[in-house]
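Residue numbers (the UniProt record's numbering): 1 to 65.
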Amino acid sequence: MSFTVKSVQNGTRAADVDTAHDAAQAVTDLQQRRPGAVKVEIHEEEGPQSASDDDPCERKPQTGD
């Protein structure tokens, strides 16, 4: 998952980060420079899913013959 931190005032991108911790730090830094100017957008990275067969969320109902 990636995070984009933007300024609400003018929509400029303040930071692109890879972790929630880095996003929180970028928000804190921007708020200190321009109070009330922060918007956080969360974007999921698109890529191959690596769900295992044991993942209950990925199980499909079995049909009996």
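Cβ coordinates follow ideal geometry from the N, Cα and C atoms, glycine included. Source: prediction; values computed, not measured.
7 Å Cβ cutoff met for residue i and residue j
i, j, result
"Ala-24", "Phe-3", "no"
"Val-5", "Ala-26", "yes"
"Val-17", "Lys-39", "no"
Per-residue burial, residue i [other beta carbons within 10 Å of its own, 16 or more giving buried]
i, result
"Ala-14", "buried"
"Leu-30", "buried"
"Asp-54", "In this prediction, Asp-54 has a pLDDT of 49, which is less than 50 and means its spatial position is unreliable; nothing more can be read from the coordinates."
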